[in-house]
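Right, one structure below, let's go through it.
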Amino acid sequence: MIEIKDLTVIIDGKIIIEDINLNIEDGEIVAIVGPNGGGKTTLIKTLLGFITPSSGVVYIDGKNPKGFIKESKVGYLPQKSSYEKDFPVSALDVVMFGLINEKIPKSQKIRKAMEYMKYVGMEGFENYPFGRLSGGQQQRVMIARALISQPKLLILDEPSTGIDVVAQENFYEFLKKINQDRGITVIMVSHDVGVVANYVHKVAGLNRKLHFFGKPKDFFQTNVLNQLYGSDVNLLIHSPECITCQHFMPDKLLEGIKH
Amino acid sequence: MNILELLTTDFILNAVIGGLILAILLSVLSLFIYVKKWSFINVGISHAAFGGLAIGYIAGISPSITGSIFAVIVGILIGFLSKRGKFHEDISIGILLSFSMALGVILISFSNNYNSDLFSFLFGNILTITREDITTLGIFTVIAFAFLYVYFKKLLYCCFDEEVAKVSGVKTDFLYYSLIVLMAIATVLSIKLVGSILASAMMILPAATSSQIFWHYRSIVVFSIIISIFTVVTGIFISFEFNLPSGSTIVMVYSVIFFVITAVKRFLK
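From first to last, the protein sequence lines stand for chains D and Z.
If you read the first sequence in numbering that gives the first Met the number 0, its first letter stands for residue 0, the second for the next number, and so on.
If you read the second sequence in numbering that gives the first Met the number 0, its first letter stands for residue 0, the second for the next number, and so on.
Given below as structure tokens:
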């Protein structure tokens, strides 16, 4: 699906990404993690064709990013905590933006948008002002907008920004469901290594260079975290299978889980 | 003289027809200025148009043509600088605005009727709207509406989130600069009605006022058109009745409506 070869991006004389090689298969969920300023968003923008590589190449299904976007459909969710509160569109309008280039009757667009609103659990909010929805609700609507064109590739930049912890986990579960239902390749940038590890097939650890690319369990077993973040890192992993997490759980809660 | 009698007077009829066409055109454009938060860009363009009008006036070419060309160039330049983000857009607009105004005033100072010409460029002179002006305005409005009819949703999508729209296959740069060109030409065409200083108000106030009552773009556009028609007609008649400058009266009526609606809204909350 995605092939990145010897990719280097230099912006205003500063090396942001250096010599990256990466292959992402069809239908994988990949999380790009790393510290702030490590080049995560730059990598995403290069994949979207917004940034031209200084050297190296990026192929998506054998095409360059601009060519791929022109011919295929990409669902993109930018890094944004919230949208303008008074932007004069409804949630349904936003979902219908995803069909902007489709040559189908308006009634069909509305019907399709309603379906996707339902799919993301936002049924009943169709005619609600988009700007007045909560951060999590806006994310769901934006996801519906990204999915409605039935993309082969979904790119998410910090999708959990502005969402509380519970909503975040629901959101990742939801992503997993989309991936399983539709076989969409998902690439997402995230800060929450401990959280996303439960939901992705692969993790890419990026801090200018690619320090790690592989399965999440290997990510935590190597000293890559120290390389990536530059110092000793304490990681809190939220996982039902995590044995060490139980040490932090109150006894009564543990008993409840055992029963 | 009552309203119907006034409308039999040629120059008042021209003013009303021209004013109504402008009211409708600027109301629709105002939605995009409101959602893009482009009011300062609009102020920059309307002041820039003044420099262009003065060039035409002194060179003996149609001021509308030179004004439009100058406003379009300055508008694209402001848009380019804002998009590139090398300069803060307030600074680039501030510099271009001052430059154009200074150029305009210097050029007009060579005119024999310095004061009256300067005044009519700055504040408009509705009595000078001719049949030819109305024809030009009508043709431009038809072109602008044809463009808006085709690209309305895409423009709105770009205003909502340009990057996302681009990934969806929308030609965002083309739409961005097209909107600036439309704004620039509409501004120049509205100068005879309200003058270069107040032209931007005609594009900012409609959507700003309507959005105090409505939240959806469709209702905002419809109410903007209604309120603009009311304001322009009322403004023209008040200005004629009380011998006031027409452009300033129209903007004053608009501002009063805006303040009243805002105050009532706050009071009701």
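Glycine included, each C-beta is placed from N, C-alpha and C at the ideal position.
At 7 Å on the CB atoms, spell out the chain Z contacts of residue i, in chain order.
{"i": "T75 (chain D)", "result": "Reading off the sequence shown, one finds Tyr at residue 75 (chain D), where the question assumed Thr. Within 7 Å Cβ-Cβ: V163 and V166."}
Would you decide whether residue i is buried or exposed? Buried here means 16 or more other CB atoms lie within 10 Å of its CB.
{"i": "V164 (chain D)", "result": "exposed"}
{"i": "Q35 (chain D)", "result": "The question names Gln, but residue 35 (chain D) in the sequence shown is Asn. Label assigned to N35 (chain D): exposed."}
{"i": "T134 (chain Z)", "result": "exposed"}
{"i": "A185 (chain Z)", "result": "buried"}
{"i": "I77 (chain Z)", "result": "buried"}
{"i": "D92 (chain D)", "result": "buried"}
{"i": "P215 (chain D)", "result": "buried"}
{"i": "Q138 (chain D)", "result": "buried"}
{"i": "P104 (chain D)", "result": "exposed"}
{"i": "I9 (chain D)", "result": "exposed"}
{"i": "L252 (chain D)", "result": "Residue confidence is low: L252 (chain D) scores 33 on pLDDT, short of 50, so the model does not pin down where it sits. No coordinate-derived value is stated."}
{"i": "L174 (chain D)", "result": "buried"}
{"i": "Q149 (chain D)", "result": "exposed"}
{"i": "N242 (chain Z)", "result": "exposed"}
{"i": "G74 (chain D)", "result": "buried"}
{"i": "A143 (chain Z)", "result": "buried"}
{"i": "H258 (chain D)", "result": "Because H258 (chain D) sits at a pLDDT of 33, beneath the cut-off of 50, its placement in the model cannot be relied upon, and the following sentence gives the value as read from the coordinates. By the 10 Å Cβ count, H258 (chain D) comes out exposed."}
{"i": "G123 (chain D)", "result": "exposed"}
{"i": "N100 (chain D)", "result": "exposed"}
{"i": "Q220 (chain D)", "result": "exposed"}
{"i": "S91 (chain Z)", "result": "buried"}
{"i": "Q211 (chain Z)", "result": "buried"}
{"i": "R144 (chain D)", "result": "buried"}
{"i": "V117 (chain D)", "result": "First, the residue type needs correcting, since residue 117 (chain D) is Lys and not Val in the sequence shown. When all chains shown are included, K117 (chain D) counts as exposed."}
{"i": "T230 (chain Z)", "result": "buried"}
Between residue i and residue j, is the Cβ-Cβ spacing less than 7 Å?
{"i": "V223 (chain D)", "j": "G204 (chain D)", "result": "yes"}
{"i": "G74 (chain Z)", "j": "L52 (chain Z)", "result": "no"}
{"i": "I20 (chain Z)", "j": "T140 (chain Z)", "result": "yes"}
{"i": "P52 (chain D)", "j": "L6 (chain D)", "result": "yes"}
{"i": "Q78 (chain D)", "j": "D25 (chain D)", "result": "no"}
{"i": "L25 (chain Z)", "j": "M201 (chain Z)", "result": "yes"}
{"i": "N197 (chain D)", "j": "L227 (chain D)", "result": "no"}
{"i": "S245 (chain Z)", "j": "I235 (chain Z)", "result": "yes"}
{"i": "F10 (chain Z)", "j": "L126 (chain Z)", "result": "yes"}
{"i": "S195 (chain Z)", "j": "A48 (chain Z)", "result": "yes"}
{"i": "G123 (chain Z)", "j": "K191 (chain Z)", "result": "yes"}
{"i": "K302 (chain D)", "j": "G66 (chain D)", "result": "Residue 302 (chain D) is absent from the model: chain D starts at 0 and stops at 258."}
{"i": "I16 (chain D)", "j": "T40 (chain D)", "result": "no"}
{"i": "V71 (chain Z)", "j": "A183 (chain Z)", "result": "yes"}
{"i": "L174 (chain Z)", "j": "L154 (chain Z)", "result": "yes"}
{"i": "I142 (chain D)", "j": "I43 (chain D)", "result": "no"}
{"i": "P128 (chain D)", "j": "W214 (chain Z)", "result": "yes"}
{"i": "A206 (chain Z)", "j": "I224 (chain Z)", "result": "no"}
{"i": "A164 (chain Z)", "j": "Y156 (chain Z)", "result": "yes"}
{"i": "V199 (chain D)", "j": "I59 (chain D)", "result": "no"}
{"i": "V88 (chain D)", "j": "A112 (chain D)", "result": "no"}
Mind listing the chain B neighbours of residue i? Cutoff is C-beta to C-beta under 9 Å, in chain order.
{"i": "K152 (chain Z)", "result": "Of the protein chains in the structure, D and Z, none is chain B."}
Which residues in chain D have a C-beta closer than 7 Å to the C-beta of residue i? List them in chain order.
{"i": "V169 (chain Z)", "result": "I99"}
Can you list the residues of chain Z that residue i reaches, using a CB-CB cut of under 8 Å?
{"i": "V88 (chain D)", "result": "L155, F159, H215 and Y216"}
{"i": "D85 (chain D)", "result": "S210 and W214"}
Contacting positions in the region 3-35 of chain D - beta carbon closer than 9 Å to chain Z: Contact annotation: in the region 3-35 of chain D, no residue has its CB less than 9 Å from a CB in chain Z.
Contact residues within the region 46-68 of chain D, judged by C-beta distance below 8 Å to chain Z: Sequence-ordered contacts of the region 46-68 of chain D with chain Z read L47, F49 and I68 [C-beta pairs closer than 8 Å].
Within the region 187-213 of chain D, ranges of the alpha helix (DSSP H) (whole runs, at least 4 residues): Complete alpha helix (DSSP H) runs here, min 4: 192-195.
Contact residues within the region 124-154 of chain D, judged by C-beta distance below 9 Å to chain Z: Per Cβ criterion, the list reads N126, P128, F129, G130, R131, M141, R144, A145, S148 and I154.
Interfacial residues, the region 206-221 of chain Z to chain D, with Cβ spacing under 7 Å: Contact residues of the region 206-221 of chain Z toward chain D are S210, W214, H215, Y216 and I219 (C-beta to C-beta distance below 7 Å).
Secondary structure, alpha helix (DSSP H): runs of 4+ residues fully inside the region 120-148 of chain D: Taking only runs of at least 4 residues, the alpha helix (DSSP H) segments lying wholly in the region 120-148 of chain D are 134-147.
Contact list for the region 30-43 of chain Z against chain D, Cβ threshold 7 Å: Within the region 30-43 of chain Z, the residues whose Cβ lies closer than 7 Å to some Cβ of chain D are V34, listed in chain order.
Whole alpha helix (DSSP H) elements within the region 86-112 of chain D, 4-residue minimum: Listed in chain order, they are 90-96.
Residue ranges of each alpha helix (DSSP H) within the region 28-52 of chain D, 4 or longer: Listed in chain order, they are 39-46.
Continuous alpha helix (DSSP H) assignments of at least 4 residues falling wholly in the region 199-227 of chain Z: Listed in chain order, there is nothing to give.
Those runs of the alpha helix (DSSP H) which lie wholly inside the region 125-160 of chain Z and span at least 4 residues: Counting whole runs of 4 or more residues, the region 125-160 of chain Z contains the alpha helix (DSSP H) stretches 130-159.
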